[in-house]
Amino acid sequence: MVINEFRILLDAYIHASNDGDVSTAESLMKELDGLVVSSRYDHMKTEKS
Numbered sequence: 004m005v006i007n008e009f010r011i012l013l014d015a016y017i018h019a020s021n022d023g024d025v026s027t028a029e030s031l032m033k034e035l036d037g038l039v040v041s042s043r044y045d046h047m048k049t050e051k052s
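Residue numbers (the numbering used here): 4 to 52.
Written out as structure tokens, the structure reads:
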């Protein structure tokens, strides 16, 4: 599920960047960053268990 969300956000980021919509691209990059950090945290939590 995280992979699908990542792909959707990445696709939207690419479109916004190509269209020159900097503010939307920056917002989407923050969302992507949050998704990656959250995914890494979940992965590390699982490894410790």
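We put the CB at the ideal spot given by N, CA and C, even for glycine.
**Message:** I need the DSSP call for D24, collapsed to helix, strand or coil.
**Reply:** Under the three-state reduction of DSSP output, D24 falls in the coil class, being neither helix nor strand.
**Message:** Here's a check: name, in chain order, each residue in its chain whose Cβ is nearer than 6 Å to the Cβ of I17, leaving out the five neighbours to either side.
**Reply:** Same-chain partners within the cutoff: there are none.
**Prompt:** Do the CB positions of V39 and F9 come within less than 9 Å of each other?
**Reply:** Between V39 and F9, the gap from beta carbon to beta carbon is short of 9 Å.
**Item:** Cα-Cα separation between K51 and Y44, rounded to whole angstroms
**Value:** One Cα belongs to K51, the other to Y44, and the distance between them is close to 11 Å.
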